[in-house]
Structure formats: structure tokens, C-alpha cells
Amino acid sequence: MERQPDLWRGLDGAWRLAREVRHAAGGTVRAEGTARFAPEGDGLAEREEGRAVLPGGSGMAFEQRRLWRAEGGRLTLWKGDGTLLCVLDGGEGVHGCPPDLYRVRLDLSGLPSDWSAEWRVTGPRKDYVMATRYVRPGGQDRPTLPLPGR
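First residue of the sequence shown? That's 10 in the working numbering, and the numbers climb one at a time after it.
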């Protein structure tokens, strides 16, 4: 496995996150929380946790884990259960979960102070865009959405 030390150094540590999930049928979920990256084996482990506010105002906690790896000149993202989520080439990737399709675009140009991820999910069961902005604690008061340039 290859290491991407510049990327790993840029992501390593604590982040604050703001997330917005916009459903095509209407309704928006907003979330705030934290993300932490730390070296793990040949990759970088990511753990996100926070609280989401659903349409109608009820809330729920969320947590997810991923492992980032550099493989063959590409970045791979692995789910917390060890299954491959997607392969990213040039900051973009696709994950098929038939019959739905997940497309991701990472913007890492603001590292080490901020970065963003946008997932577009389409299919007969799902149709939404999930945008997340990450900033370092002590930087901006809080991450802002919508994402710059969108």
C-alpha cells in the first residue's frame, strides 16, 4: 500500500462539520458534529459523530466510521465494517448499491484548514444530495453551508 503523507497530514486530527441533506421530493436534514482522523495501519481512520435535525424538528444522533487508504495512485474509502465504499480518482468516485448509485466529489484544496464532500445519490429508492463542510476547531466559528462555489 502507498502512503499519501501530505494528504494524511492535512486530514489528521479534529474537525467540526456541518452537513445538509436535500431530498429531491422535499425536506432537508441538517446536521452538525465532529470528525476525527488518526493513522491506523496503512491508512487513516475517520470517525464522525454528531446530531441531525430531521424535517419537522426531531433530532437523532449519528456516527460513522471509515478508513482512507492510498492504493495504486488512487484513494479508497472503506466502510467501518471493512467493505469497500468507493475508489476515488481525482477526488471523484462512484459507489453502486443496486439499484441506487452514489457519486462523491471531494474538494481537498482548502487543506489543512477546511475541505468538503458532496454525495449525489440517485435511484428508484433514493434521490438526494448530501453536502458536508469540514473546518478545524478554532478556525471559523462553525462550518457554513452551502458549500463555496455551489
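All C-beta atoms in this analysis are idealised placements derived from N, C-alpha and C, irrespective of residue type, glycine included. Here the structure is a predicted model, which means the values were calculated and not measured.
In the structure shown, what three-state DSSP assignment does R134 receive? Working through the sequence shown from its first residue, we reach residue 134 at position 125. If DSSP states are grouped into helix, strand and coil, R134 belongs with coil.
Taking buried to mean at least 16 other C-beta atoms within 10 Å of its own C-beta, is S125 buried or exposed? Against the sequence shown, residue 125 aligns to sequence position 116. By the Cβ-count criterion, S125 is buried, with 16 or more other Cβ atoms from all chains shown falling within 10 Å of its own Cβ.
Grouping DSSP H, G and I as helix and E and B as strand, with all else coil, what is G35? Sequence index remark: in the sequence shown, residue 35 carries index 26 (1-based). Under the three-state reduction of DSSP, G35 is assigned to coil, being neither helix nor strand.
On the CB-based measure, 16 or more other CB atoms within 10 Å of its CB, does D90 come out buried or exposed? As a working mapping, residue 90 is identified with position 81 in the sequence shown. Exposed.
Opening and closing residue of the beta strand (DSSP E) in which D116 lies: The sequence position of residue 116 within the sequence shown is 107, counting from 1. Counting along the chain, the beta strand (DSSP E) containing D116 begins and ends at D109 to D116.
Assigned secondary structure, R18 (DSSP; H/G/I helix, E/B strand, else coil): The residue labelled residue 18 in the question sits at position 9 within the sequence shown. Per DSSP, reduced to three states, the secondary structure at R18 is helical.
Can you tell me the Cα-Cα spacing of R159 and R129, whole angstroms? Translated into the one-based positions of the sequence shown, residue 159 becomes position 150. Translated into the one-based positions of the sequence shown, residue 129 becomes position 120. Its pLDDT being 45, under 50, R159 is placed unreliably by the model, and nothing is read from it.
Boundaries (first-last residue) of the beta strand (DSSP E) holding T92: Translated into positions along the sequence shown, residue 92 becomes position 83. In this chain, T92 is not harboured by any beta strand (DSSP E), its DSSP state being neither H nor E.
Is D98 close to the ligand COA? I mean its beta-carbon at under 6 Å from any heavy atom of the ligand. The ligand COA is absent from the structure shown, which contains no ligand whatsoever.
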